[in-house]
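To keep things clear, I will list the structure first and then write my remarks on it.
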Amino acid sequence: MASGFGYNGGRGRCFNFWQEFHKCYAMADSPQECLLQRDDYLECLHHTKEIARVLRIKTEELKQLERRKLELKVADSAAKSNVARLGIIEGEKQATAAQG
């Protein structure tokens, strides 16, 4: 890819990043000055930061889905509980209606 030729001829997708990195490296007094350009070039080649970000997003989505499932399960079990069948809630509603 650093040669500048892509798979179908023409420039490769990361050639511009390679040029920036190469230009910086040629003009720099120390290689440490070109870390940002190097990181950009390597990210273009391997997509490591992008993949890590997508993985974090997917993990968070799965956590939220599990949380929602647990909340629905708790709400469903509360709806099926015996409290409503005992008339406790309805009795409270009737008492407040009689007072109001």
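Each number in our numbering corresponds to the 1-based position in the sequence shown with 3 added. By construction, the Cβ of each residue, glycine as well, lies at the ideal position given by its N, Cα and C atoms.
Run through the DSSP bridge pairs and tell me what residue i is partnered with.
i          : result
residue 59 : In DSSP, residue 59 forms no bridge with anything.
residue 24 : Answer is none; residue 24 lacks a bridge partner.
So, under 8 angstroms CB-CB, residue i and residue j are touching, yes? Tell me the CB distance rounded to an integer number of Å.
i          : j          : result
residue 48 : residue 17 : 5 angstroms
residue 20 : residue 37 : With 8 angstroms as the limit, residue 20 and residue 37 do not qualify as a contact, their Cβ atoms being about 12 angstroms apart.
Per DSSP, what kind of secondary structure is residue i in: helix, strand or coil?
i          : result
residue 70 : helix
residue 14 : strand
Enumerate in chain order the residues of its own chain whose CB-to-CB distance from residue i is below 8 angstroms, with the five nearest sequence positions on each side excluded.
i          : result
residue 31 : 37
Excluding the five sequence neighbours on either side, which residues of its own chain have a C-beta within less than 6 angstroms of the C-beta of residue i, listed in chain order?
i          : result
residue 46 : 52
Might you give, ordered along the chain, the residues of its own chain that have their beta carbon closer than 7 angstroms to the beta carbon of residue i, omitting 5 neighbours on each side?
i          : result
residue 44 : 17, 20, 21 and 24
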